[in-house]
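Have a look at the structure below before the remarks.
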Amino acid sequence: MENAQIADMLDEIADLLELKEANEFRIRSYRNASRTVRGLPERLEDLAADEEQDLADLPNIGDSTAEKIREILDKGTCQRLEDLHKEMPSGLPAVMRVEGVGPKKAIQLHKELDIGSLDDLKKAAEAGDIRQLEGFGEKTEQKILKGLETLSKTSGRLLFKDAADHFESLRRRLEGMKSLKKWEVAGSFRRTKETIGDLDVLLIAKDRGEATGELLEYEEISETIDKGEEKVTVRLSGGLQVDFRFFEEESFGAAMLYFTGSKAHNIALRRIAVARDWKLNEYGIFKGDRRLAGKDEEGVYKRLNLPWIPPELREDRGEIDAANAGELPTLVAPGDIRGDLQSHTTASDGENSIGEMARAAKDRGYSFFAITDHSKRVTMAQGLDDDDCRRHAEKIREVNDDLKGMWLMAGVEVDILKSGKLDLKAETLEQLDWVVASIHYDRNLDRKKMTERIVKAVESGVVHCLGHPLGRVIAQREPLAFDTAKVFEACAENDVCIEINAQPDRLDLPDTHCREAKAAGVMFTIGTDAHSTAGLDAMRFGVNVARRGWLEAGDILNTLTATKLRKRIRRK
DNA sequence: GCCGTTTTCGGCCCGACTGTTTTCAGTCG
138 MENAQIADML DEIADLLELK EANEFRIRSY RNASRTVRGL PERLEDLAAD EEQDLADLPN
198 IGDSTAEKIR EILDKGTCQR LEDLHKEMPS GLPAVMRVEG VGPKKAIQLH KELDIGSLDD
258 LKKAAEAGDI RQLEGFGEKT EQKILKGLET LSKTSGRLLF KDAADHFESL RRRLEGMKSL
318 KKWEVAGSFR RTKETIGDLD VLLIAKDRGE ATGELLEYEE ISETIDKGEE KVTVRLSGGL
378 QVDFRFFEEE SFGAAMLYFT GSKAHNIALR RIAVARDWKL NEYGIFKGDR RLAGKDEEGV
438 YKRLNLPWIP PELREDRGEI DAANAGELPT LVAPGDIRGD LQSHTTASDG ENSIGEMARA
498 AKDRGYSFFA ITDHSKRVTM AQGLDDDDCR RHAEKIREVN DDLKGMWLMA GVEVDILKSG
558 KLDLKAETLE QLDWVVASIH YDRNLDRKKM TERIVKAVES GVVHCLGHPL GRVIAQREPL
618 AFDTAKVFEA CAENDVCIEI NAQPDRLDLP DTHCREAKAA GVMFTIGTDA HSTAGLDAMR
678 FGVNVARRGW LEAGDILNTL TATKLRKRIR RK
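Oh and the first sequence: position 492 is 629 in our numbering, straight run, nothing missing.
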């Protein structure tokens, strides 16, 4: 059982308790526990198996939750959750996922319109039944319909990080399988797309029958969908579908190419093959019956007169032309990253102190690390006012003075107010090493006003970086509406960087916008936005985005040495 | 339900906005 699944169950308990209008602090406890579980670097299953470990020693997890986690690990569910399921339709928590619908509205919809699922909700909204309810109106009904649309767009797909967690335990299993000669993961997972629909795993077996048997013994499999000579399809207990496909050595490269995709990239490659009277499929390039290539990907590309193209670029967004012209980018790699440029501490809504975060950053071999707590407008995070901010910076610098080999940067994530003004005084911000400016509130301005707002902040002269620029949360919150071209242009002109926020559910700026911003002359940063030491591990997700966005080391501030960074961001 | 402790109880983040009301509940972050 994966941590993500356990976290999901804890969240579900919280959802159901919320619908029951249970004690809000109890609900919060479950949410906190869920967050802890989700962010754990180790698997709970392993921790629970260790005699030395007490789950209740983990933050936000006490005896009661530890007991429930053990129950879940043991039985796949717990009594508390089962009891709640008896009281409440199981589809009702999903109704709360719709933007604008919280527990109160969900329970009212259930009581008055017998709504117990997203389907019910959609039907009622389309029929105009919802606007009739007390406390609801036409706008709410419209908002619900829009929220349903957003949800359905990405439904059934997992965040890359969640898929990666599932893959991690599958990987361990595959590595231990004696009946396999070789295996690789392909598909959108290999391309590191932000969400993953299923996993494609390619296998070379010593004996397919034996390998199939061994695969099906994997304890995480909840359902075997398909079982044949060439392929085995299963569903894991977390819902993720995995396709295992058998190949032989001579076609493995062609298979990797074919199953890595994207479909559009494959079609473009096949077109090149067809132009030469060849055929390209998952078994190789063929001239008649003769195999010209197929053993490895490089060989297939080479036959097509192309250099090997990194999987992240295979979206048919110009990579084949670039490859033809010898102009493929040298993509930034995890090893190029020398520091992290957004993080939080207990001074606002983080979980670790300045010293703890600094040490964790240093342990990762970083040569610089920015602490950027929230400003006062972000009340839920207990953001800092001007005085707090100055004092906090002093503390950061004190810790920095005791550090060797890493520059601990005194920074802030200042809120961009509705007007475009910043939430802290310019003279406060000028004293800091690093200023990230982000929008957290008033997200519904029209496009023109939102553009003006962001541009005004960018032109303030005191901002180094625009944080999570689109403000989107994958599958949950739509991006802010603004003119990206104008904003990117303003950033380039004012020497303001654009952040790639590496939080797995943000990935903001998205890969798709990176090239647009780069073309406008913008410089990038990657920030994990870590709220705990474990959060620093999100860096790799940010690097994935940068790679998918065609970015090279030279496009990203995090690849500079501390000395060069200091010079680069020095205030005039 | 967790946590810390003045160690077994009391505190736990709270302000702004929206759409609905007619003074505010619900939602969000």
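All C-beta atoms in this analysis are idealised placements derived from N, C-alpha and C, irrespective of residue type, glycine included.
Proximity to residue 500 across 541, 687 and 626 peaks at 541, based on C-alpha coordinates. Counting only residues of its own chain and dropping the five nearest sequence neighbours on each side, residue 335 has a CB closer than 8 Å to the CB of 324, 377, 378, 379 and 380. Under the rule that a run must span 4 or more residues, the alpha helix (DSSP H) segments found entirely inside the region 625-700 read 648-656 and 676-685. In the three-state reduction of the DSSP assignment, residue 289 falls in the helix class. Under the three-state reduction of DSSP, residue 707 is assigned to coil, being neither helix nor strand.
Residue 607 holds the alpha-carbon nearest to the alpha-carbon of residue 620 among 401, 342 and 607.
A residue is called buried once 16 or more other Cβ atoms fall within 10 Å of its Cβ, and residue 535, having fewer, is exposed. Excluding residues up to 5 positions away in sequence, 323, 327 and 448 lie with their Cβ nearer than 6 Å to the Cβ of residue 397 in the same chain. In the three-state reduction of the DSSP assignment, residue 268 falls in the helix class. Between the region 159-167 and the region 177-196 there are fewer than three inter-stretch CB-CB distances shorter than 8 Å, so the stretches are not counted as touching. When the alpha-carbon of residue 339 is set against those of 362, 319, 224 and 480, the nearest one is in 319.
Per the coordinates, the alpha-carbon of residue 605 lies some 38 Å from the alpha-carbon of residue 217. In this chain, residue 427 is not harboured by any alpha helix (DSSP H); it is covered by the beta strand (DSSP E) spanning 427-430. With a beta-carbon spacing of about 14 Å, residue 389 and residue 367 fall beyond the 8 Å limit used to define contacts. Looking only at 466, 330 and 235, the smallest Cα-Cα distance to residue 399 is reached by 330. DSSP, reduced to helix, strand and coil, places residue 599 outside both helices and strands of the structure shown, so it counts as coil.
In this chain, the beta strand (DSSP E) harbouring residue 548 covers 544-552.
With contacts defined as CB atoms closer than 7 Å, residue 392 and residue 419 qualify as a contacting pair. With contact defined as three or more Cβ pairs closer than 8 Å, the region 178-185 and the region 206-215 are in contact. When DSSP states are grouped into helix, strand and coil, residue 377 belongs to the coil group.
Straight-line spacing of the CA atoms in residue 597 and residue 515 works out to 20 Å. Restricted to the region 502-571, the alpha helix (DSSP H) segments that are unbroken, complete and at least 4 residues in length are 523-539 and 563-567, listed in chain order. Separation of the CB atoms of residue 587 and residue 618 is rounded to 6 Å, and the pair is thereby assigned contact status at 8 Å. Spanning the alpha carbons of residue 395 and residue 423 requires a straight line of approximately 14 Å. The straight-line gap separating the alpha-carbon atoms of residue 508 and residue 639 is approximately 15 Å. Counting the other CB atoms within 10 Å of its CB gives residue 230 a total of 16 or more, which places it among the buried residues. Shown here, residue 581 sits in coil according to DSSP, grouped into three states, outside any helix or strand. Residue 528 counts as exposed, since fewer than 16 other beta carbons sit within 10 angstroms of its beta carbon.
Contact check for residue 406 and residue 441: beta-carbon distance about 6 Å, within the 8 Å limit, so the pair qualifies. In this structure, residue 372 and residue 333 do not form a Cβ contact; the two beta carbons are roughly 14 Å apart against a cut-off of 8 Å.
Secondary structure at residue 349: helix, using DSSP grouped into helix, strand and coil. Collapsing the DSSP output to three states places residue 235 in coil. Sixteen is the threshold: since fewer than 16 other Cβ atoms of the shown chains lie within 10 Å of the Cβ of residue 224, the residue is exposed. In the displayed model, residue 491 falls within a helix according to three-state DSSP.
Going by DSSP, residue 342 is part of the beta strand (DSSP E) stretching over 335-342. Residue 232 and residue 258 do touch by the CB rule: their CB atoms are close to 5 Å apart, below 8 Å.
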